[in-house]
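Structure, as structure tokens:
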Amino acid sequence: MKVIAEPIEMVAWFDQAGKPHPVRFRYKGSVIKVHQVIHTTEEKLAGNRMLIFRCQSEVDGVMKVFELKYELGTCKWLLWKM
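When you line the sequence shown up against our numbering, it's residues 497 to 578, in that order.
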């Protein structure tokens, strides 16, 4: 996977505990639906807590694995790796 680290527009839902669940996002003008979240981990990057979602989706007819990061302090989403 290649590191991209770009901010994205995300549609997500949150459970009652406040944990986000990504649904779809926009990257370079195309909308990518998150078909499956493989696993979720938490990390601290430069003192900022982040949730990392390893996901799988169909992009241009090919199943791809990618990582999304959600920064808890600022509520921003990043497409981290693809």
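Backbone N, C-alpha and C fix where the C-beta goes; we use that ideal spot for every residue, glycine too.
These numbers were taken from a predicted model, which means no experiment stands behind them.
Taking 3 residues as the minimum length, the beta strand (DSSP E) runs contained wholly in the segment 513-546 are 516-523, 526-529 and 532-541, in order along the chain.
Between LEU547 and GLU554, the CB-CB gap reaches or exceeds 7 Å. The three-state reading of DSSP puts CYS571 in coil, since its state is none of H, G, I, E or B.
MET506 is the residue among MET506, LYS515, GLN532 and ILE500 whose C-alpha sits nearest the C-alpha of LYS572. Beta-carbon to beta-carbon, TRP576 and ILE528 are separated by about 14 Å, too far to satisfy the 8 Å threshold. PHE549 places its beta carbon less than 7 Å from that of THR536. Closest by C-alpha distance to LYS498, out of GLU563, GLY514 and SER526, is GLU563.
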